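Undergrad:
2 protein chains.
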Amino acid sequence: MSILRMGIIGYGGMAHWHQERVRLVDGIEVVGVYDVLPAQRQKGEADGYLAYPSRDALLADERINCVLVATPNHVHKENVIAALDAGKHVICEKPVTLTVADLDEMIAASRRNEKLFTVHQNRRWDHDYLVAKEVFRSGALGEVYTVQSCLSGTGGLINGWRAFPEYGGGMVYDWGVHFLDQLLDMIPGRILTVFADLHSVKNSLVDDYFHISLKFDSGLSVITELGTFMLRSKPRWYMAGNGGTMVINSFDGADGIITKVSKLAEAVEPVIVQTDAGPTRTFAPQPPETREDFPLPELIRDKTAFYRNVRDAIAGKENLIVRPEQVRRVLSLIEAVFVSAREGRSIPFEEKEIVWRES
Amino acid sequence: MSILRMGIIGYGGMAHWHQERVRLVDGIEVVGVYDVLPAQRQKGEADGYLAYPSRDALLADERINCVLVATPNHVHKENVIAALDAGKHVICEKPVTLTVADLDEMIAASRRNEKLFTVHQNRRWDHDYLVAKEVFRSGALGEVYTVQSCLSGTGGLINGWRAFPEYGGGMVYDWGVHFLDQLLDMIPGRILTVFADLHSVKNSLVDDYFHISLKFDSGLSVITELGTFMLRSKPRWYMAGNGGTMVINSFDGADGIITKVSKLAEAVEPVIVQTDAGPTRTFAPQPPETREDFPLPELIRDKTAFYRNVRDAIAGKENLIVRPEQVRRVLSLIEAVFVSAREGRSIPFEEKEIVWRES
Numbered sequence: 007m008s009i010l011r012m013g014i015i016g017y018g019g020m021a022h023w024h025q026e027r028v029r030l031v032d033g034i035e036v037v038g039v040y041d042v043l044p045a046q047r048q049k050g051e052a053d054g055y056l057a058y059p060s061r062d063a064l065l066a067d068e069r070i071n072c073v074l075v076a077t078p079n080h081v082h083k084e085n086v087i088a089a090l091d092a093g094k095h096v097i098c099e100k101p102v103t104l105t106v107a108d109l110d111e112m113i114a115a116s117r118r119n120e121k122l123f124t125v126h127q128n129r130r131w132d133h134d135y136l137v138a139k140e141v142f143r144s145g146a147l148g149e150v151y152t153v154q155s156c157l158s159g160t161g162g163l164i165n166g167w168r169a170f171p172e173y174g175g176g177m178v179y180d181w182g183v184h185f186l187d188q189l190l191d192m193i194p195g196r197i198l199t200v201f202a203d204l205h206s207v208k209n210s211l212v213d214d215y216f217h218i219s220l221k222f223d224s225g226l227s228v229i230t231e232l233g234t235f236m237l238r239s240k241p242r243w244y245m246a247g248n249g250g251t252m253v254i255n256s257f258d259g260a261d262g263i264i265t266k267v268s269k270l271a272e273a274v275e276p277v278i279v280q281t282d283a284g285p286t287r288t289f290a291p292q293p294p295e296t297r298e299d300f301p302l303p304e305l306i307r308d309k310t311a312f313y314r315n316v317r318d319a320i321a322g323k324e325n326l327i328v329r330p331e332q333v334r335r336v337l338s339l340i341e342a343v344f345v346s347a348r349e350g351r352s353i354p355f356e357e358k359e360i361v362w363r364e365s
Numbered sequence: 007m008s009i010l011r012m013g014i015i016g017y018g019g020m021a022h023w024h025q026e027r028v029r030l031v032d033g034i035e036v037v038g039v040y041d042v043l044p045a046q047r048q049k050g051e052a053d054g055y056l057a058y059p060s061r062d063a064l065l066a067d068e069r070i071n072c073v074l075v076a077t078p079n080h081v082h083k084e085n086v087i088a089a090l091d092a093g094k095h096v097i098c099e100k101p102v103t104l105t106v107a108d109l110d111e112m113i114a115a116s117r118r119n120e121k122l123f124t125v126h127q128n129r130r131w132d133h134d135y136l137v138a139k140e141v142f143r144s145g146a147l148g149e150v151y152t153v154q155s156c157l158s159g160t161g162g163l164i165n166g167w168r169a170f171p172e173y174g175g176g177m178v179y180d181w182g183v184h185f186l187d188q189l190l191d192m193i194p195g196r197i198l199t200v201f202a203d204l205h206s207v208k209n210s211l212v213d214d215y216f217h218i219s220l221k222f223d224s225g226l227s228v229i230t231e232l233g234t235f236m237l238r239s240k241p242r243w244y245m246a247g248n249g250g251t252m253v254i255n256s257f258d259g260a261d262g263i264i265t266k267v268s269k270l271a272e273a274v275e276p277v278i279v280q281t282d283a284g285p286t287r288t289f290a291p292q293p294p295e296t297r298e299d300f301p302l303p304e305l306i307r308d309k310t311a312f313y314r315n316v317r318d319a320i321a322g323k324e325n326l327i328v329r330p331e332q333v334r335r336v337l338s339l340i341e342a343v344f345v346s347a348r349e350g351r352s353i354p355f356e357e358k359e360i361v362w363r364e365s
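Going line by line, the protein sequences match chains A and B. For the first sequence, the numbering used here gives the first residue as 7, with consecutive numbering after it. For the second sequence, the numbering used here gives the first residue as 7, with consecutive numbering after it.
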């Protein structure tokens, strides 16, 4: 019998994404699915799954020990709590919910039922992110002073539920929740301050551009910027330290470079250059031999790490990687982002030390 | 007789830059120079100028009606006030001084003597800036939501007085004063909030990296970022609106592009794309035919506009372009930048309407 026997509530786009991964991992199987839409239930049957006539029927099936909640965001909470109260472990799609207060009810349900509760923060295993994290932690750039995580799209219009606030739409909930989760996973220490700008450029009801600044207690400055209507692309990652600079251009995570100063630089005298814009010595172009380029580290790509970890956490063999308290920290930060943008001021975030509890 | 008969106090690097321009403008001549260093005075003589033995001797020469103060920053104030009190018009190098309180004393001296007082904010005529301003104001990008002004250098170490706080060193005073002056000249309206991060990456005593966010009352978000040790370059300007995006890559101001959505884009259905990092529709790569590129506007390059304006303002034929109240606004903003960076919070800036007085 599989360790993780899954029921899926909400059989839409993301459910297929999960199935594809589940198939690659030993010890996991999908028992059956439920969707409020009959057409989606029929689709589940056509895909070869048991389709339950109701959510309660799914939750009552004792063969299922873990529920994946992949519904629209605004009904995550009721489904997650119902599943936990039915004695199931729960994996919830992101954003887990829209407020910390709602999340706290979900976490309480997990605790009182002593069941695992995690969120599908899959982009913690994105290749570009893992490369950025490896470079950050390796010390290759010396002491890093700025980390910039950016995504620019050209489509403008947001589709489906993402265009409506009542369904948890907008880019902060859709992508900000990933990018902030990555940054908080990568960077140790407290976030002292949050400052955010949001715009609705092509979508009247929700944010489709954000620029969020975080100040860490180490002094590190962090920026994450995203727009659905930025027609000239920016690098996915820009990271600079006192020892060098890294750029990762795309999600691929192999398309980028690390640049450091070469030994030769010490022999080159600074000169004053007359640019079209006036004289400058500080920004005089330097000869190429003063710099040296290095390739990004090569990491193993792994599509199944999330599910292997959930399986092994249920089996008691590993600590859970995406922990509820981490998800809660990101959601608190998102709440601060919205307050900052609305009130046009920075928001103090973590005055006290965060103690990381191994779960 | 020339309209503008100049004496130069401080015969260093910038003085030569001024002479080169003065030579190209009718109605301006350099009468003589003074420097505290005898070697620089000798250099002035060797260059064919009268070299005064003291500042007072220069100020006493009735042939001089305008003094250029091109000394180190920390002695701008005393020289500017002495020159105004001697009945001369004054052009001061930037940054005019380090505090608004000092600037107010200089402005008071200009008023009580009824003499013109301006600051050499020469980068208001930089080609890249004029192109950016033209694009911003033309409406080519629709309603602009973000303006980003950036400069990255690879040298790291700052030279001479720029490395010492007591001489007004650091990149906010050296370059921030230009970039903020440009942004405030380009963008109408009040600045509601300032949020700034400063770092000393390669120089222990002064800032050599800044990232400054401004929020305007129109909702426009503005960023200016500069680092002396950012080894991968960023575009000089990035500007995005609901009608398109502009990039200017360098000071040249011709190296860049405007991108808009083409008519064809409406016919293209959004698709869901499975990237290495998971599915996305919002950020699915769009076919190239959905976008259309346009060249940047071509503007006339003009090295002499600053001096022609000062000459014509002295002659009463034109309004002064770089006005003391504008310089004061930028310096107030710089004070807010330092407070924001030191205290790790945003600073409210202009709660009340700014009334622009034509001088």
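Here a beta-carbon is modelled for each residue, glycine too, at the ideal position from N, C-alpha and C. In this text the structure is predicted, and so the values were computed from the model without any measurement.
In chain B, what lies closer than 7 angstroms to residue 233 of chain A by C-beta?
TA: Indexing the first sequence from 1 puts residue 233 of chain A at position 227. Correct list: 246.
Undergrad: Distance cutoff 8 angstroms, beta carbons only. Does residue 99 of chain B sit that close to anything in chain A?
TA: The count along the second sequence starts at 1 and reaches residue 99 of chain B at position 93. Judged by the 8 angstroms Cβ criterion, residue 99 of chain B is not in contact with chain A.
Undergrad: Ignore the nearest five residues each way along the sequence and tell me which others in residue 96 of chain B's own chain have a CB closer than 6 angstroms to its CB.
TA: As a position in the second sequence, residue 96 of chain B is number 90, starting the count at 1. 73, 86, 89, 90, 123, listed in sequence order.
Undergrad: On the DSSP letters alone, give me the boundaries of the alpha helix (DSSP H) that residue 49 of chain A sits inside.
TA: Locating residue 49 of chain A in the first sequence gives position 43, where the first residue counts as 1. Residue 49 of chain A -> alpha helix (DSSP H) spans 44-52.
Undergrad: Closer than 8 angstroms, CB to CB, is residue 203 of chain A near chain B or not?
TA: Translated into positions along the first sequence, residue 203 of chain A becomes position 197. Closer than 8 angstroms: yes.
Undergrad: Among the candidates A:347, A:316, A:326, A:352, whose CA atom is the shortest distance from the CA of residue 31 of chain A?
TA: For the purposes of this step, residue 31 of chain A is identified with residue 25 of the first sequence, where counting begins at 1. Residue 31 of chain A has its Cα closest to that of A:316, out of A:347, A:316, A:326, A:352.
Undergrad: Say whether the region 257-264 of chain A touches the region 110-127 of chain B, bearing in mind that this needs 3 or more beta-carbon pairs closer than 8 angstroms, one atom from each stretch.
TA: Output reads no: the region 110-127 of chain B does not touch the region 257-264 of chain A.
Undergrad: Using the beta-carbon count (16 or more within 10 Å), is residue 346 of chain B buried or exposed?
TA: Taking the first residue of the second sequence as position 1, residue 346 of chain B is located at position 340. Residue 346 of chain B comes out buried.
Undergrad: So which residues of chain A does residue 208 of chain B contact, with C-beta pairs closer than 8 angstroms?
TA: The residue given as residue 208 of chain B occupies position 202 in the second sequence. The answer, in chain order, is 248.
Undergrad: So, for residue 8 of chain B: in the same chain, excluding its five sequence neighbours on each side, which residues have a beta-carbon less than 7 angstroms away from its beta-carbon?
TA: In the second sequence, counting from the first residue as 1, residue 8 of chain B sits at position 2. Cβ within range, chain order: 33, 34, 35.
Undergrad: For the beta strand (DSSP E) containing residue 19 of chain B, list its first residue and its last residue.
TA: To locate residue 19 of chain B, count along the second sequence from 1; it is residue 13. Here residue 19 of chain B belongs to no beta strand (DSSP E); instead the alpha helix (DSSP H) covers 19-28.
Undergrad: Quick one: what does DSSP say residue 291 of chain A is sitting in, helix, strand or coil?
TA: Looking up residue 291 of chain A in the first sequence gives position 285. Coil at residue 291 of chain A, not helix or strand.
Undergrad: Helix, strand or coil for residue 364 of chain B, going by three-state DSSP, please let me know.
TA: What you label residue 364 of chain B is simply residue 358 of the second sequence in a count that begins at 1. Since pLDDT at residue 364 of chain B reaches only 46, below the 50 mark, its modelled position is unreliable, and no value is offered.
Undergrad: Please report how far the alpha carbon of residue 364 of chain A lies from the alpha carbon of residue 318 of chain A, in whole angstroms.
TA: Here residue 364 of chain A corresponds to residue number 358 of the first sequence, with the count starting at 1. Here residue 318 of chain A corresponds to residue number 312 of the first sequence, with the count starting at 1. Note that residue 364 of chain A scores a pLDDT of 46, beneath 50, so its modelled location is shaky; the value from the coordinates is reported in the next line. Cα to Cα, the separation comes out at about 15 angstroms.
Undergrad: Would you tell me roughly how many angstroms separate the C-alpha atoms of residue 222 of chain A and residue 357 of chain A, rounded to the nearest one?
TA: Your numbering for residue 222 of chain A matches position 216 in the first sequence. Your numbering for residue 357 of chain A matches position 351 in the first sequence. About 11 angstroms.
Undergrad: Can at least three beta-carbon pairs, one atom from the region 124-136 of chain A and one from the region 184-195 of chain A, be found at a separation below 8 angstroms?
TA: The region 124-136 of chain A is in contact with the region 184-195 of chain A.
Undergrad: For residue 52 of chain A and residue 312 of chain A, what's the separation of their Cα atoms in angstroms?
TA: Here residue 52 of chain A refers to the residue found at position 46 of the first sequence. Here residue 312 of chain A refers to the residue found at position 306 of the first sequence. When rounded, the distance between both Cα atoms is 27 angstroms.
Undergrad: Contact defined as beta carbons within less than 8 angstroms: I believe residue 333 of chain A pairs with residue 109 of chain A. What is the distance between those atoms, to the nearest angstrom?
TA: Within the first sequence, numbered from 1, the residue matching residue 333 of chain A stands at position 327. Within the first sequence, numbered from 1, the residue matching residue 109 of chain A stands at position 103. Correct: roughly 7 angstroms between the Cβ atoms.
Undergrad: If you reduce the DSSP assignment to three classes, tell me which class residue 58 of chain A lands in.
TA: The residue you call residue 58 of chain A lines up with position 52 of the first sequence. The answer is coil: DSSP assigns residue 58 of chain A none of H, G, I, E or B.
Undergrad: Name the chain A residues whose beta carbon is nearer than 8 angstroms to that of residue 217 of chain B?
TA: For the purposes of this step, residue 217 of chain B is taken as residue 211 along the second sequence, with counting starting at 1. Chain A residues near residue 217 of chain B: 152, 219, 227, 229.
Undergrad: In whole angstroms, what separates the C-alpha of residue 210 of chain B from that of residue 12 of chain A?
TA: Within the second sequence, numbered from 1, the residue matching residue 210 of chain B stands at position 204. Within the first sequence, numbered from 1, the residue matching residue 12 of chain A stands at position 6. Distance between the alpha carbons of residue 210 of chain B and residue 12 of chain A: 57 angstroms.
Undergrad: Evaluate contact between the region 289-299 of chain A and the region 146-156 of chain A, counting only Cβ atoms and requiring at least three cross-stretch pairs below 8 angstroms.
TA: Counting Cβ pairs under 8 angstroms, fewer than three are found: no touch.
Undergrad: Return the chain-ordered list of same chain residues with a C-beta closer than 7 angstroms to the C-beta of residue 137 of chain B, the five sequence neighbours on each side being excluded.
TA: Position 131 of the second sequence, counting from 1, holds the residue named residue 137 of chain B. The answer, listed in chain order, is 254, 259, 302, 303, 305.
Undergrad: Are there 16 or more other CB atoms within 10 angstroms of the CB of residue 144 of chain A, so buried, or fewer, so exposed?
TA: Counting from 1 along the first sequence, the entry for residue 144 of chain A is found at position 138. Classification for residue 144 of chain A: exposed.
Undergrad: Check for me: the alpha helix (DSSP H) holding residue 92 of chain B runs from which residue to which?
TA: Locating residue 92 of chain B in the second sequence gives position 86, counting from the first residue. Residue 92 of chain B -> no alpha helix (DSSP H), and no H or E assigned at all.
Undergrad: How many Å lie between residue 56 of chain B and residue 21 of chain B at the Cα?
TA: As a first step, residue 56 of chain B must be located in the second sequence, where it is residue number 50. As a first step, residue 21 of chain B must be located in the second sequence, where it is residue number 15. Distance between the alpha carbons of residue 56 of chain B and residue 21 of chain B: 14 angstroms.
Undergrad: Give the residues of chain B in contact with residue 253 of chain A, contact being defined as C-beta atoms less than 8 angstroms apart.
TA: As a position in the first sequence, residue 253 of chain A is number 247, starting the count at 1. Ordered by position in chain B, the residues that pass the 8 angstroms Cβ test against residue 253 of chain A are 238.
Undergrad: Looking at residue 352 of chain A: is its Cβ nearer than 8 angstroms to the Cβ of residue 201 of chain B?
TA: Along the first sequence, one-based indexing puts residue 352 of chain A at 346. Along the second sequence, one-based indexing puts residue 201 of chain B at 195. Their beta carbons are under 8 angstroms apart, which means residue 352 of chain A touches residue 201 of chain B by this criterion.
Undergrad: Which residues, taken in chain order from the region 187-198 of chain A, show a beta carbon closer than 7 angstroms to some beta carbon of chain B?
TA: Residues passing the 7 angstroms Cβ filter: 198.
Undergrad: Against residue 292 of chain B, what residues of chain A qualify as contacts under a CB-to-CB distance less than 9 angstroms, listed in chain order?
TA: Indexing the second sequence from 1 puts residue 292 of chain B at position 286. The contacting residues are 159, 160, 161.
Undergrad: Secondary structure at residue 203 of chain A, three-state DSSP: helix, strand or coil?
TA: Stepping through the first sequence from its first residue, residue 203 of chain A is reached at position 197. Reduced to three states, the DSSP call for residue 203 of chain A is strand.
Undergrad: In whole angstroms, what is the alpha-carbon distance linking residue 321 of chain B and residue 68 of chain B?
TA: In the second sequence, counting from the first residue as 1, residue 321 of chain B sits at position 315. In the second sequence, counting from the first residue as 1, residue 68 of chain B sits at position 62. Spanning the two alpha carbons is a distance of roughly 17 angstroms.
Undergrad: Could you check whether residue 237 of chain A and residue 288 of chain A sit closer than 8 angstroms to each other, using their CB atoms as the reference points?
TA: One-based indexing of the first sequence puts residue 288 of chain A at position 282. One-based indexing of the first sequence puts residue 237 of chain A at position 231. Result no, Cβ atoms of residue 288 of chain A and residue 237 of chain A do not sit closer than 8 angstroms.
Undergrad: From residue 139 of chain A to residue 199 of chain A, what distance separates their C-alpha atoms?
TA: Residue mapping note: residue 139 of chain A aligns to position 133 of the first sequence, counting from 1. Residue mapping note: residue 199 of chain A aligns to position 193 of the first sequence, counting from 1. So the two alpha carbons sit approximately 22 angstroms from each other.
Undergrad: Identify every residue that forms a DSSP beta bridge with residue 243 of chain B.
TA: The count along the second sequence starts at 1 and reaches residue 243 of chain B at position 237. DSSP, once it has assigned bridges, lists B:155, B:254 as partnering residue 243 of chain B.
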